[in-house]
Amino acid sequence: MYMASSPSLEDAVSELMDSPGGELLKSVRAYLRKRATAFFGLFLFGLIVGFPIAKRIVTWLIEEQRLPDDVKVIVTSPVEFLMLQIQLSASFGLFLALLLLITETTLRGIRHPLVLERFRELKIRAPKPGFSFVLSMTSSLVLAACGILYAWELLTPMLFEYLSNDAQEAGLATQWKLGAYVGFILNLCIASAIGFQAPVVTLLALRVGMVEPRTLTAYRKHIWFSAFVMGAIFSPPDPLSLFLVSIPVILLFEGALILHRLMPRKSALVKH
């Protein structure tokens, strides 16, 4: 039985690799092998450069004037501060490597013959670096900055006050471990920066014809639920945090749907 099934499995794998999708996988594998050194070098660069920056950021976050009232930040190990710096700088290096990977993959992908063929089958025109591309990137950066500002100016103070008051009502002193304190703030900032991309992602998907407005409308409840799931992952386990993280994402998504209806049809990227 095993001997009989082996050739069929090998034939299936061989057929898959000879298909357009398999050829694309081979191209991706060759590209990753060729650029592995560059990715590792950029990661190492980010690790080295990010280490002193991480120290300054952590020191800035735990300055007394930025701590909520009656909140203390403690370390439970002599190496906790050092390990936190390494973790943050490694994350920065990984971010740079992923940014290079995404950028090069996008630029190469929109010119790859197999990808272009797939776009033609779906009647989608590959986006080209032009005014729309620059506008999308600029909007993405602005929205990310707005998300970070929202998390820092509104979410963080409000949640710290809420959690501190909750603990004090129970007669408990509020103490944060250094890693938990910094991670709490960074998680909120990252979640808000990602969540605020909802309008860009929604409009791009609609304008290039990847999805129809009626489809998004039909799955509105699922999208809302996904926003609450994201809020539950990145925020503390209480209803206030969940809503403060999720509601802006939902409002931005709904705003993108309204904006799409107001935009002229002639600017759509779909070929009719």
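Whatever position you read off the sequence shown (first residue = 1), add 19 for my numbering. Each residue gets a CB set at the ideal place from its N, CA and C atoms; glycine is no exception.
Whether residue 195 touches residue 90 by CB criterion (8 Å): yes
Burial state of residue 291 (16 or more Cβ within 10 Å): Note that residue 291 has pLDDT 41, beneath the 50 cutoff, so the model's placement of it is unreliable and no number is given.
Residue 153, DSSP secondary structure in three states: helix
Selection from 225, 217, 83, 237 that minimises the alpha carbon distance to residue 159: 217
Spatial distance of residue 176 from residue 183 (CA atoms): 10 Å
Length of the line joining the Cα atoms of residue 119 and residue 161: 20 Å
Nearest-angstrom Cβ-Cβ length linking residue 167 and residue 211, presumed shorter than 8 Å: 6 Å
Nearest-angstrom beta carbon gap, residue 215 and residue 271 [assumed within contact, 8 Å]: The distance from the Cβ of residue 271 to that of residue 215 is about 6 Å, consistent with a contact at the 8 Å cut-off.
The segment 193-209 touching the segment 227-243, judged by at least three CB pairs closer than 8 Å: no
From 186, 54, 169, residue whose alpha carbon lies closest to that of residue 121: 54
Boundaries of the beta strand (DSSP E) in which residue 195 is found, first to last residue: Per DSSP, residue 195 belongs to the beta strand (DSSP E) from 193-196.
Sub-8 Å separation of residue 249 and residue 265 beta-carbons: yes
Beta strand (DSSP E) runs contained entirely in the segment 56-93, provided each spans 3 or more residues: 90-93
Per-residue burial, residue 60 [other beta carbons within 10 Å of its own, 16 or more giving buried]: That one is exposed.
Residue closest to residue 174, alpha-carbon to alpha-carbon, out of 193, 50, 207: 207
Reference residue 64; option with closest CA among 220, 191, 105, 209: 105
Through-space distance from residue 203 to residue 77, alpha-carbon basis: 12 Å
Through-space distance from residue 267 to residue 66, alpha-carbon basis: 33 Å
Candidates 223, 257, 102, of which the one nearest residue 320 by Cα: With the chain covering 20 to 291 only, the question about residue 320 has no answer from this structure.
Residue closest to residue 88, alpha-carbon to alpha-carbon, out of 153, 193, 242, 125: 193
Every unbroken alpha helix (DSSP H) inside the segment 184-246 [4 residues or more]: Counting only runs of 4 or more, we get 197-214, 217-226, 232-237.
Start-to-end residues for the alpha helix (DSSP H) that takes in residue 267: 258-281
Residue 276 to residue 235 span [Cα, whole Å]: Take the alpha-carbon of residue 276 and the one of residue 235: they are about 9 Å apart.
For residue 287, the three-state DSSP class (helix, strand or coil): Low local confidence applies: a pLDDT of 42 at residue 287 is under 50, so the model's placement there is unreliable, with the coordinate-based value given in what follows. Residue 287: coil per DSSP, three-state reduction.
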